[in-house]
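Residue 423 in this note's numbering is what sits at position 254 of the sequence shown, and the numbering runs on without skipping anything.
Just so it is clear, CB atoms sit at the ideal spot from N, CA and C, and this is done for glycine as well.
First the structure, in the form of structure tokens, and then the observations on it.
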Amino acid sequence: MRYYQLKMKVQLGLKENWRQFTLLVIINGFVGGMVGLERTILPQIAEADFGIAAKTAILSFIVVFGISKAITNYYTGVWANQIGRKNLLVIGWLLGLPVPLILIYASSWNWIIAANILLGTNQGLTWSSTVVMKIDLVGEKNRGLVMGLNESAGYLAVGIVAFLTGWIASEYGLRPYPFYLGIVFAIIGLLASAFLIKDTRHHVKEETKTSNVALLKKIFRETSWTNPNLGSITQAGLVNNLNDGMIWGLLPMLLTLKGFDLTETGKIVAVYPVIWGLGQLITGKLADHLAKKSMLFWGMLLQGLAIMALIFAQSLFNFVFLGVILGLGTAIVYPTFLAAIADYTHPQQRAQSIGVFRLWRDLGYAIGAVTTGLTADIFGIYAAVLLIGGFTLLSSLIIKLRMR
Numbered sequence: 170m171r172y173y174q175l176k177m178k179v180q181l182g183l184k185e186n187w188r189q190f191t192l193l194v195i196i197n198g199f200v201g202g203m204v205g206l207e208r209t210i211l212p213q214i215a216e217a218d219f220g221i222a223a224k225t226a227i228l229s230f231i232v233v234f235g236i237s238k239a240i241t242n243y244y245t246g247v248w249a250n251q252i253g254r255k256n257l258l259v260i261g262w263l264l265g266l267p268v269p270l271i272l273i274y275a276s277s278w279n280w281i282i283a284a285n286i287l288l289g290t291n292q293g294l295t296w297s298s299t300v301v302m303k304i305d306l307v308g309e310k311n312r313g314l315v316m317g318l319n320e321s322a323g324y325l326a327v328g329i330v331a332f333l334t335g336w337i338a339s340e341y342g343l344r345p346y347p348f349y350l351g352i353v354f355a356i357i358g359l360l361a362s363a364f365l366i367k368d369t370r371h372h373v374k375e376e377t378k379t380s381n382v383a384l385l386k387k388i389f390r391e392t393s394w395t396n397p398n399l400g401s402i403t404q405a406g407l408v409n410n411l412n413d414g415m416i417w418g419l420l421p422m423l424l425t426l427k428g429f430d431l432t433e434t435g436k437i438v439a440v441y442p443v444i445w446g447l448g449q450l451i452t453g454k455l456a457d458h459l460a461k462k463s464m465l466f467w468g469m470l471l472q473g474l475a476i477m478a479l480i481f482a483q484s485l486f487n488f489v490f491l492g493v494i495l496g497l498g499t500a501i502v503y504p505t506f507l508a509a510i511a512d513y514t515h516p517q518q519r520a521q522s523i524g525v526f527r528l529w530r531d532l533g534y535a536i537g538a539v540t541t542g543l544t545a546d547i548f549g550i551y552a553a554v555l556l557i558g559g560f561t562l563l564s565s566l567i568i569k570l571r572m573r
């Protein structure tokens, strides 16, 4: 089998690899669905089943999710060339299998925390692997398009499952029925990854032959900050997930504070990731043609303005409208992040540089959850929302002033 793989002609391009690409898009939909399980109902479970009222304690599940995913993202990049993309994808699904079962049968909040450590590790391995494999398959052309399709599938699934779990919970209770979806996702994702996906390391070798991108001397340091382009992208990625962590944890509480029931909350919470997911079908392709700096600036600016406006919203229409604006802003930046990182790094270093970017980006979940939880407990939910909106606006200015 190995001899055959080495001898066969490796071709780069979306058209040439459409079957594997399509499978990876579908699998990433199941990856996103695993996160969507928690988006609407976990804060309600914390209060209803475990009597937890403090915002910092409730958001602890996002903290451990963000840290475990961030660390796993980094090591997925480091191990991608050694262990293989496909192997990491399969390992990620094996670690995801117990997650819905733990969420169903958890008898204490500590079990919820444990489930989110596993979920973060699952997401780091599976999502990072699908991202790197798709970029490997298509080569230099259409990177924005393929990242748009990848992230669209993942976050569209987040939104749809967030809505479904809210609806199921309102009809049949918070547990166990909403989490049955996760059992199906994990089984299908594991089987498809193990038996249908092929590794893409040979595609990297093929692209390396023609790449003119200079090698980075210090991958971690340059991707994190010292390279003006890579550093600007990385800080924006961190802030993007910082505000997503706030939306994940505090938006359901803000809606409850304003008198919305669980069904209405599920609808509002679902709008943002659905628009985020669908929007990337367009913005991903735009990232191949428009200036990436401009897209990142305007996307972060839209996010910041929408977040600040949340505290003034009152009606269902107000929140749905702001969810659309927030989703559009995120859709503009999300595929652009990864396409730009790939543009500025050599094929041999791409997986590791993407891993560093995703390390910082997903640490934003943890930083956002801690920051918003403490701020909400001390100064109130409105103050936490304003703070995160301000960080997002500042991030857009950094891109404007620093990125070349």
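As summarised for the region 182–230, the continuous alpha helix (DSSP H) elements at least 4 residues long and confined to that stretch are 187–208, 211–219 and 224–227, given in chain order. Annotation for residue 204: 327 place their beta carbon closer than 6 Å to its own, counting only its chain and skipping 5 residues before and after. Put simply, the backbone Cα of residue 373 is about 41 Å away from that of residue 437. For residue 475, the enclosing alpha helix (DSSP H) has its first and last residue at 461–478.
Taking all protein chains in view, the Cβ of residue 187 is surrounded by fewer than 16 other Cβ atoms within 10 Å, so the residue is classified as exposed. Taking C-beta separations shorter than 7 Å and ignoring five residues to either side along the sequence, the partners of residue 247 in its chain run 521 and 524, following chain order. Taking the Cβ atoms as the reference, residue 498 lies roughly 17 Å from residue 313, outside the contact range of under 8 Å.
Contact check between the region 180–195 and the region 266–278: fewer than three CB pairs, one atom from each, fall below 8 Å, which does not count as touching.
Distances from the alpha-carbon of residue 342 to those of 492, 217 and 242 put 217 closest. Around the beta carbon of residue 383, fewer than 16 other beta carbons lie within 10 angstroms, which makes this residue exposed.
Residue 400 and residue 334 have their alpha carbons spaced roughly 37 Å apart.
For a cut-off of 8 Å, the C-beta gap from residue 262 to residue 355 is around 6 Å, short enough to register as a contact. Nearest neighbour of residue 316 by Cα position, chosen from 474, 570 and 183, turns out to be 183. For residue 522, the enclosing alpha helix (DSSP H) stretches over residues 516–548. Taking one beta carbon from each stretch, the region 541–550 and the region 337–351 have fewer than 3 pairs nearer than 8 Å; the two do not touch. In this structure, residue 554 keeps its C-beta atom at 8 Å or more from the C-beta atom of residue 489. In the structure shown, residue 287 adopts helical secondary structure according to DSSP, grouped into three states. A distance below 6 Å between beta-carbons, with the five flanking residues on each side excluded, links residue 272 to the following residues of its chain, in chain order: 284 and 348.
Here the alpha carbons of residue 473 and residue 455 stand approximately 21 Å from one another.
Using a Cβ distance threshold of 8 Å, residue 318 and residue 424 do not count as a contacting pair. Counting only runs of at least 4 residues, the region 355–383 fully encloses the following alpha helix (DSSP H) elements, listed from N- to C-terminal order: 370–377. Relative to residue 270, the option among 402, 346, 410 and 214 whose CA is nearest is 346. Separation of residue 507 and residue 360 (C-alpha to C-alpha, rounded to the nearest whole angstrom) is 27 Å. Nearest to residue 331 by alpha-carbon distance, out of 322, 443, 344 and 222, is 443.
Pairing residue 568 with residue 395, the inter-Cα distance amounts to about 14 Å.
Classified as exposed, residue 430 has fewer than 16 neighbouring CB atoms from the shown chains inside 10 Å of its CB.
Between the alpha carbons of residue 548 and residue 572 lies a gap of roughly 34 Å.
Rounded to the nearest angstrom, the gap between the Cα atoms of residue 267 and residue 282 is 13 Å.
A direct Cα-to-Cα measurement between residue 566 and residue 534 gives close to 21 Å. Closest option to residue 294, judged by alpha-carbon separation, among 244, 409 and 308: 244. By the criterion of a C-beta distance shorter than 7 Å, residue 369 is surrounded in its chain by 254, 302, 305 and 306, once the five residues flanking it on both sides are discounted. Counting along the chain, residue 404 sits inside the alpha helix (DSSP H) bounded by residues 397–426. DSSP places residue 436 inside the alpha helix (DSSP H), whose first and last residues are 431–455. For residue 321, the enclosing alpha helix (DSSP H) covers residues 312–341. Between the alpha carbons of residue 478 and residue 491 lies a gap of roughly 8 Å. Secondary structure at residue 302: helix, using DSSP grouped into helix, strand and coil.
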